[in-house]
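Residues are numbered in the working numbering as their position in the sequence shown, beginning at 1, plus a constant of 875.
Each residue gets a CB set at the ideal place from its N, CA and C atoms; glycine is no exception.
What you are looking at is a predicted structure, and each value in this text was computed from that prediction instead of being measured.
Single-structure report; data block below.
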Amino acid sequence: MSYANLIVEKGKIATVTINRPKVLNALNKDTLAEIKAAFDDLAADPEVKVIILTG
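Laid out in structure tokens, this is it:
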């Protein structure tokens, strides 16, 4: 899945990076919805054991 405000790297250790440098990675409704969607997608992948959220 493609995200406008996130960079998602999959693997045993998945990384979700908030990518909104112009607003210092401030969270808004759209970004929070993308984070939820990314976490739901990663949680459904049996290979993923850990999710790191960074920004």
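In DSSP terms, what residue i is bridged to
i      : result
Val883 : Val891
Thr906 : None, per the DSSP bridge assignment.
Residue i versus residue j: straight-line alpha-carbon distance, rounded
i      : j      : result
Gly930 : Pro921 : 25 Å
Val883 : Met876 : 9 Å
Val898 : Asp905 : 14 Å
Leu907 : Tyr878 : 11 Å
Status (buried if at least 16 other CB within 10 Å, exposed otherwise) for residue i
i      : result
Asn903 : exposed
Val891 : buried
Cβ neighbours of residue i in the same chain (closer than 8 Å, five flanking residues each side left out)
i      : result
Gly886 : Glu922, Val923
Asn900 : Ile893, Asn894, Gly930
Residue i - DSSP class collapsed to helix/strand/coil
i      : result
Val925 : strand
Neighbourhood of residue i by C-beta, 7 Å cutoff - its chain only, sequence neighbours within 5 removed
i      : result
Ile926 : Ala889, Val891, Phe914, Leu917
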